[in-house]
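Single-structure report; data block below.
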Amino acid sequence: MKSPCFISREQMERLTEQILMDYGFDPYDKMVKSAPIEEIIEFHFDLQICWESIDHLDKDGLVMAAILPTEKQIILNESHRELFDNKIGTYHFTLAHELGHWVLHTSETPYLLRLGNSEPERPTKVQGQPFFCRSTAQKPMEEIQADLFAGCLLMPRPMIERAVGQLRKMRKIHLSHLYGLAHCLRVSISALSVRLTQLQLLTIDQYGNVNRPGTYTHPAFEQLTLDI
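Take a look at the structure:
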């Protein structure tokens with residue numbers, strides 16, 4: 001039995017950029033704006049977004065959402081609707097994560113075939129089996145790949161690089177500037193922090209200092225606690 005296909009970050013960047021451009025969202029646009037994840041799901045991939053209580057899918061974990069491939073449905077857990085309503089970044093990332101399962105782990109979309117000359121190995125899961133997003137200490141590879149897909153789709157590399165380039169023209173980049181960038185992209189500050197580190201553009205240390213990779217800033221007397 002074949003193992004789930006592994007997509008490198010560079011491949012994932014190309015794949016997600018192509019999805020955005022196919023829908024008509026230009027990741028090279030000079031204006032920083034959020035990717036229309038709901039529209040991409042519903043109109044580009046013809047998937048339905050539903051709300052249901054799905055805690056029963058995993059009694060030992062916190063189930064946030066699931067995708068049912070045969071029904072072409074992404075189901076958000078009604079039990080956590082207040083969380084999604086209050087944290088738009090979590091809502092968008094969860095949707096993008098589930099879309100990642102559809103693109104990467106089913107045979108319904110052609111995007112994997114466009115990554116190279118050969119077809120990647122298909123995943124072990126079949127279409128009828130649901131994927132569900134849950135809170136666990138250790139994530140399986142397909143969940144890590146779905147997270148990577150979500151980050152690349154919601155925070156396209158060309159847009160992030162241009163935004164950071166503009167911020168670097170200032171004397172110093174502060175955490176408040178990154179919160180502003182996260183707000184424009186409609187993602188959480190934690191997701192943006194991971195993406196900036198991933199792209200080796202900026203890092204946020206435990207004290208809330210923003211640094212370029214490889215640099216260290218001594219903490220000020222009063223430190224900021226990050227809830228990310």
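One point on numbering: in UniProt numbering, the residue at position 183 of the sequence shown is 183, and numbering is uninterrupted.
Note that beta-carbon positions come from the ideal geometry of N, C-alpha and C, so glycine has one too.
Exposed unless 16 or more other CB atoms sit within 10 angstroms - verdict on residue i
i, result
"T106", "buried"
"residue 282", "Within the shown structure, residues of the chain are numbered from 1 to 228, placing residue 282 beyond reach of any answer."
"H97", "buried"
"E17", "buried"
"H101", "buried"
"I67", "buried"
"F93", "buried"
"A220", "With a pLDDT of only 44 at A220, under 50, the local geometry of the prediction cannot be trusted, and no value is derived from it."
"P110", "exposed"
"Y91", "buried"
"P140", "exposed"
"I7", "buried"
"G89", "buried"
"residue 311", "Any question about residue 311 goes unanswered here, given that the chain covers just 1 to 228."
"I37", "buried"
"E142", "buried"
"I144", "exposed"
As assigned by DSSP and simplified to three states, the class of residue i
i, result
"L76", "strand"
"L202", "coil"
"M170", "coil"
Cα-Cα separation between residue i and residue j, rounded to whole angstroms
i, j, result
"R212", "C50", "41 Å"
"G24", "V63", "32 Å"
"E42", "Q48", "6 Å"
"L83", "A150", "19 Å"
"L104", "Q11", "12 Å"
"Y28", "P158", "6 Å"
"K87", "L112", "31 Å"
"K33", "L154", "10 Å"
"L196", "S188", "12 Å"
"I74", "L95", "8 Å"
"M21", "R14", "10 Å"
"S193", "R171", "20 Å"
"E78", "I204", "33 Å"
"L57", "A146", "19 Å"
"L76", "E52", "6 Å"
"Q166", "I54", "43 Å"
"P156", "G180", "16 Å"
"H174", "L148", "25 Å"
"K72", "K169", "45 Å"
Bounding residues of the beta strand (DSSP E) (the contiguous stretch that carries residue i)
i, result
"E71", "Neither: E71 is in no beta strand (DSSP E) and is coded neither H nor E."
"E52", "48-52"
Residue i - containing alpha helix (DSSP H), residue span
i, result
"T90", "88-105"
"E42", "That residue, E42, is in no alpha helix (DSSP H); it is neither H nor E in DSSP."
"I19", "9-23"
Discussion item. If we require 3 or more residues per run, which beta strand (DSSP E) segments fall completely within the UniProt domain "IrrE N-terminal-like" (141-197)?
Written reply: none
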